[in-house]
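One structure is given below, encoded as structure tokens.
There are 2 protein chains.
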Amino acid sequence: MANPTIKDVAKMANVSIATVSLVVHNHRRISQETKDKVLAIIEKLNYHPSPNARGLVRRKSGNIGFVLTDDHFLRTEPFYTHIFMGTEFEAHENEFYILLTTVAAKFKITDPLPRFILERNVDGLIIAGKVPLPFINRLSKATFPIIFVDYSPYDKKYSCVLVDNIKGGELATSHLIEYGHKKIAFIGGDIEHPSIKDRLNGYKNAIEKSGLELDENIIDIKEDYPGRTNGYNAAERLFKKDKAITAVFSCNDAMAVGAIQYMKDNGIRIPEDCSIIGFDDVVSDNAIEPALSTVRVPKMEMGTEAMKLMAHMLKNNTKENKKVLAPVELIIRESTRRICL
Amino acid sequence: MANPTIKDVAKMANVSIATVSLVVHNHRRISQETKDKVLAIIEKLNYHPSPNARGLVRRKSGNIGFVLTDDHFLRTEPFYTHIFMGTEFEAHENEFYILLTTVAAKFKITDPLPRFILERNVDGLIIAGKVPLPFINRLSKATFPIIFVDYSPYDKKYSCVLVDNIKGGELATSHLIEYGHKKIAFIGGDIEHPSIKDRLNGYKNAIEKSGLELDENIIDIKEDYPGRTNGYNAAERLFKKDKAITAVFSCNDAMAVGAIQYMKDNGIRIPEDCSIIGFDDVVSDNAIEPALSTVRVPKMEMGTEAMKLMAHMLKNNTKENKKVLAPVELIIRESTRRICL
DNA sequence: CATGCTAAGTTAAACGTTTAACTAAACGCT
DNA sequence: AGCGTTTAGTTAAACGTTTAACTTAGCATG
Chain S
28 MANPTIKDVA KMANVSIATV SLVVHNHRRI SQETKDKVLA IIEKLNYHPS PNARGLVRRK
88 SGNIGFVLTD DHFLRTEPFY THIFMGTEFE AHENEFYILL TTVAAKFKIT DPLPRFILER
148 NVDGLIIAGK VPLPFINRLS KATFPIIFVD YSPYDKKYSC VLVDNIKGGE LATSHLIEYG
208 HKKIAFIGGD IEHPSIKDRL NGYKNAIEKS GLELDENIID IKEDYPGRTN GYNAAERLFK
268 KDKAITAVFS CNDAMAVGAI QYMKDNGIRI PEDCSIIGFD DVVSDNAIEP ALSTVRVPKM
328 EMGTEAMKLM AHMLKNNTKE NKKVLAPVEL IIRESTRRIC L
Chain Y
28 MANPTIKDVA KMANVSIATV SLVVHNHRRI SQETKDKVLA IIEKLNYHPS PNARGLVRRK
88 SGNIGFVLTD DHFLRTEPFY THIFMGTEFE AHENEFYILL TTVAAKFKIT DPLPRFILER
148 NVDGLIIAGK VPLPFINRLS KATFPIIFVD YSPYDKKYSC VLVDNIKGGE LATSHLIEYG
208 HKKIAFIGGD IEHPSIKDRL NGYKNAIEKS GLELDENIID IKEDYPGRTN GYNAAERLFK
268 KDKAITAVFS CNDAMAVGAI QYMKDNGIRI PEDCSIIGFD DVVSDNAIEP ALSTVRVPKM
328 EMGTEAMKLM AHMLKNNTKE NKKVLAPVEL IIRESTRRIC L
């Protein structure tokens, strides 16, 4: 049979379609005997309930929307791709489908919303990374749960899964201090981005806690987009200004790679002359020379965590406001070294 | 009203629900007058037909499955991500939703199929990149159209959108020959991959057409996965074997980047000592120094093309077997230079 | 032995559309 | 006037589920 329906199963099992439905849901009203009989036939016919029919009566789509900006999705480091994979995996576990859509990074308040929102074809929304505020504001009257991952503009209102960026910043900076470095530069972009701001705060915390003096001159946060080219530019400014820098903490791996490029081009050896540590752990397979020390972010886990939260809310029909902090981990590779006196 | 249905619209417009439906489909049986009236109310109530209800009666899900392997999806260069974006865009145009799922690169014949296939929750399938044969074989009795992008294992059976790899290989190699190079190496991985094989064939064609002699010694296809590290390794083998190489054609940008790394590490200047050209054009924003000449592949366009084909098949209910060749384009940047005698 | 309870189902309405088949009015022709 | 055709709708069945309300038989209880 092409597409067996519940009727086919019912007829073959000599029961009503209601019974089949109850068997599918493992309802206790049905005897084990009947269950076994029906289950066998379901198996035999390869019956799967129609998502449309089910959705119609349940008034649920069974879909979760996953939104991020186009430039995040297309960026070279597969950061959000990993998050998506985590979400997709966990969605599978919970029998949800994921509808992935990008929104323009410069979404305007008059732009159309993703179709699945207009058509109410999602039961919930997971938003990954920084998305434009006009977009979020358009969502204010949404009736379904919304969860943010790696970004949280209105944290009173929505649940979110965030990286422990402050901790990560502290970890990276303390690691460099531990290694004897005194002049530790910070490279960052888009300081309005909460993640980058927090990483910088972690940096400052660690510097202060250690008794070192905070030197604003070796904090470069002039760039906007935290990518390779801008990492290169930031490093250039930094080293032209101050030759005595012996370590760099870059707000992410992408900028770190750019900075490394600058150092290589200018005869600054890593880690002999200068140590550098990144954040995110996205370039491990990239044959970056030397291997980049970094702060690992559990990307997949963040995706699964968001989906778990979502599934929980949907199952219990609650709209809670939970904040999950994903743990970070210091990864020491070859780009950081104890300072040689 | 929370979720207006066709009934709400009908009641408010004083027409039957059938009329509303016909208006939505712009059926010519309805007078312009009535259409205007109903349309105004649809607008006012912000009515959108329920995908579930519609899908139920049409016996269509309105969804298209998009499948690729996990390692392709997670690879550093956003090649397939661009293809997906193209597909997603065109899906939007045609009012389809995309369900993205990865399959394991080592999918076994007994592994479960993606859920949307079991539940018949897709009207068609787009498969991007090389996916395991066991997976494809499990699809043999599928009743929905399947389209391959950038891969085509059973090209008699399925439609596909392919890169004109032979042409691209010729273009890249001819470009180097044109620039006076005589000793042009080829770097490739996984020669079983049709794309890589064709790029190599293009290389061979161009060499032969030019009257140069084909030298198998400077063709390195020992590596498996065509990534950076392996590009580095391949370049190492090549240059240790033959110092006289003045140009390299890498089967893709990722391996080219690895090869560039090797050359830099070993004092081979680009392009002064050696020219190099890649394929795919995925590193343009990466601050690779020098900027990499390459063969551009219209990634987004391939995605849209696949979705256009799919929409066409689905609308006309035909199962055609079409092969689309996406055009390639030579991009000359700074990594290739006319040879200096 | 009438009564209530439990176990194991079944019946039927509802979910929100689409569309074939029907209707009713208006018009044109002979 | 009678008939056919066109126009502009309406009616009602169908799509494949879920689930509240109902049924029926068997059993225990006072």
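So the protein sequences, as listed, match chains S and Y. Under the numbering used here, the residue at position 292 of the first sequence is numbered 319, and the numbers go up by one with no gaps. Under the numbering used here, the residue at position 23 of the second sequence is numbered 50, and the numbers go up by one with no gaps. Positions of the beta carbon are idealized from the N, C-alpha and C atoms, including for glycine. In this text, all values refer to a predicted model and were calculated from it rather than measured experimentally.
What N79/S touches in chain Y, judged by beta-carbon distance under 7 Å, is N79, G82, L83, S88, going in chain order.
Closer than 8 Å to the CB of Q59/Y there is not a single CB belonging to chain S. The C-beta distance from F111/Y to L101/Y rounds to 13 Å, too long to meet the 8 Å contact threshold. Using a CB distance cut-off of 8 Å, H75/S counts as an interface residue toward chain Y. Any Cβ of chain S closer than 8 Å to the Cβ of H119/Y would place that residue at the interface, and such an atom is present.
Rounded to the nearest angstrom, the gap between the Cα atoms of G285/S and D182/Y is 43 Å. For A333/S, the closest Cβ of chain Y is not nearer than 8 Å.
Taking a beta-carbon distance threshold of 8 Å, R142/Y counts as an interface residue toward chain S.
By the criterion of a C-beta distance shorter than 8 Å, T363/S is surrounded in its chain by H202, L203, Y206, A274, P298, S302, I303, I304, S320, once the five residues flanking it on both sides are discounted.
For I359/S, the CB contacts under 8 Å within the same chain, skipping 5 residues up- and downstream, are H202, S320 in chain order. Counting only runs of at least 3 residues, the region 253-341 of chain Y fully encloses the following beta strand (DSSP E) elements, listed from N- to C-terminal order: 274-277, 302-304, 321-323. Using a Cβ distance threshold of 8 Å, V351/S and G195/S do not count as a contacting pair. Looking at the DSSP output, K350/Y shares a beta bridge with C187/Y.
Residue environment analysis places C367/S among the exposed positions, since fewer than 16 neighbouring C-beta atoms fall within 10 angstroms of its C-beta.
In the structure shown, Y74/S adopts coil according to DSSP, grouped into three states. Note that the region 50-59 of chain S does not touch the region 80-95 of chain S; fewer than 3 beta-carbon pairs, one per stretch, sit closer than 8 Å. Listed along chain S, no residue sits closer than 8 Å to F213/Y by beta-carbon distance, the nearest being about 20 Å off. Apart from the 5 residues on each side of it in sequence, N257/Y sits with its Cβ closer than 6 Å to the Cβ of G216, E250 in its chain, given in chain order.
Taking C-alpha positions only, E316/S is separated from R365/S by approximately 18 Å. Cβ neighbours of K62/Y within its own chain (closer than 6 Å, five residues either side excluded): V50. Interface annotation, E146/S: in contact with chain Y, CB-CB separation under 8 Å. Closest option to G156/S, judged by alpha-carbon separation, among S179/S, F266/S, I214/S: S179/S. Excluding sequence positions up to five before and after L227/S, its CB lies within less than 8 Å of the CB of G196, F213, G215, I218, I246, I248, C278, all in the same chain and listed in chain order. For the 8 Å CB-CB criterion, H54/S and M327/S do not form a contact.
One alpha carbon belongs to K38/Y, the other to I173/Y, and they sit about 42 Å apart. Between P253/Y and M290/Y, the beta carbon gap of about 18 Å keeps them out of contact (Cβ cut-off 8 Å).
Shortest Cα-Cα distance from N148/S to any of K349/S, I136/S, I125/S, K34/S involves I125/S. Only exposed fits G238/S, as fewer than 16 other CB atoms lie within 10 angstroms of its CB. In the three-state DSSP reduction, V130/S falls in the strand class (E or B).
If you compare the alpha carbons of A80/S, G82/S, I33/S with that of N73/S, the shortest gap goes to I33/S. The region 175-245 of chain S contains, as complete alpha helix (DSSP H) runs of 4+ residues, the segments 192-205, 221-237 (chain order).
Taking C-alpha positions only, K135/S is separated from T129/Y by approximately 32 Å. At a cut-off of 8 Å between C-beta atoms, E115/Y counts as an interface residue with respect to chain S.
Boundaries of the alpha helix (DSSP H) around N164/Y: 160-165.
Around A29/S, the beta-carbon contacts reaching into chain Y at under 8 Å are T170. Setting aside the 5 residues that flank it on each side, A318/Y is surrounded in the same chain by R360, E361, S362, each with a C-beta closer than 7 Å to its C-beta; the list follows chain order.
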